[in-house]
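Enquirer:
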Amino acid sequence: MGAIVADCVLQAGLNYRSVVLPRVSTILERFPDLDRTSELVGLVARGETSRFLNWHHPEKVGRFEALVGFLSEHSVESAAILSNRLQDASFVLTLREVRGVGPKTVDYMQCLVGIDSIAVDRHVRTFAKRVGVVEEDY
């Protein structure tokens, strides 16, 4: 869960290959035991989020902590449970109430837990609008 939540939080607006992937790889290597939400709650409580993410700007640190809190409050303890819950429309609507979690983040999270989904980024949306494809849901 640690790598999944970190990946979801860090990917927005950053270069994946040079910024996000090295951090997620380090998390998988150095923190393999942080694979359950309850373990992440402990990390947050100890004030270790910045060190875990290797990130210091408060926006992404706060988003990580908010997402961990949300998952804990909704008893989403593992990637398998998250995969199941992400297929529930009411859960997804509630998830999107977390600051910074929009349709792309939800779609991206679905990809990370094995659900067929496409996370449409701003470049694809801009291109689609230029060629006349308008989608109000994204």
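Sequential numbering of the sequence shown, starting at 1, is according to my numbering. Ideal Cβ positions, reconstructed from N, Cα and C, are used throughout, including at glycine. Predicted, not measured: the structure shown is a model, and the values here were computed from it.
What residues in its chain sit with their C-beta under 6 Å from that of Arg-85, if we drop five residues either side in the sequence?
Expert: Same-chain partners within the cutoff: Val-76, Phe-91.
Enquirer: Indicate whether Phe-64 and Leu-82 have their beta-carbon atoms separated by less than 9 Å.
Expert: Going by C-beta atoms, Phe-64 is not nearer than 9 Å to Leu-82.
Enquirer: With distance defined between alpha-carbon atoms, name the residue in Ala-89, Ile-4, Glu-97, Leu-14 nearest to His-57.
Expert: His-57 has its Cα closest to that of Leu-14, out of Ala-89, Ile-4, Glu-97, Leu-14.
Enquirer: Mapping DSSP to helix, strand and coil, what is Asp-7?
Expert: Of the three classes helix, strand and coil, the one that applies to Asp-7 here is helix, per DSSP.
Enquirer: Output needed for Met-109: all residues of its chain with C-beta closer than 6 Å, excluding positions within five of it in sequence on either side, in chain order.
Expert: The answer, listed in chain order, is Cys-8.
Enquirer: Alpha carbon to alpha carbon, how far is Leu-95 from Thr-37?
Expert: If you take the alpha carbons of Leu-95 and Thr-37, they lie about 15 Å apart.
Enquirer: If the criterion is Cβ atoms closer than 9 Å, does the pair Val-148 and Val-5 meet it?
Expert: No information on residue 148 is available, as it lies outside the stretch 1 to 138 that the chain covers here.
Enquirer: Anyone know if the C-beta pair for Val-19 and Leu-28 falls short of 9 Å?
Expert: Not in contact: Val-19 and Leu-28 (Cβ atoms no closer than 9 Å).
Enquirer: If you follow the alpha helix (DSSP H) that Glu-59 is in, where does it begin and where does it stop?
Expert: 58 to 73 is the extent of the alpha helix (DSSP H) around Glu-59.
Enquirer: How is Met-1 classed by DSSP in three states: helix, strand or coil?
Expert: Correct three-state label for Met-1: coil.
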